[in-house]
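J.: Residue numbers (this note's numbering): 8 to 108.
Where a beta carbon is used, it is the ideal one built from N, C-alpha and C, also for glycine.
1. Skipping 5 residues on each side, what residues in its chain have a beta carbon closer than 6 Å to that of residue 9?
2. Return the residue from the list 28, 86, 22 that minimises the CA-CA distance to residue 66.
3. Could you tell me which residues DSSP pairs with residue 72 in its beta bridges?
4. Identify which residue in 30, 25, 95 has its Cα closest to the Cα of residue 72.
5. How would you call residue 80, buried or exposed, if buried means at least 16 neighbouring beta carbons within 10 angstroms?
This is the structure we're talking about:
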């Protein structure tokens with residue numbers, strides 16, 4: 008969206024890509040991308056017990072793969088799968104509402 012509006016420009020400095028943002032959508036998209044990279048980087052520093060024991064309770068995981076408007080939902084149990092599906096539908100609705108403008 009910001010790219011289409013011309014609020015983000017891409018430059019190449021030596022071999023490094025550099026993004027320049029102007030406007031609210033451009034700044035917001037760069038801030039979200041930076042936050043996502045920080046979350047990925049900081050996730051490597053989570054504390055994991057060395058003895059291999061898991062914390063109390065069961066661990067459940069879920070994920071969504073969006074191929075166009077079609078969500079592919081994965082989950083380790085029914086509750087997590089339904090939660091991932093609901094979140095995918097909410098994100099899809101937000102995307103549709105932003106594109107209609």
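T.: The short version:
1. Only 15, 32, 33, 36 meet the Cβ criterion.
2. 86
3. 79
4. Residue 72 has its Cα closest to that of 95, out of 30, 25, 95.
5. With 16 or more other Cβ atoms within 10 Å, it is buried.
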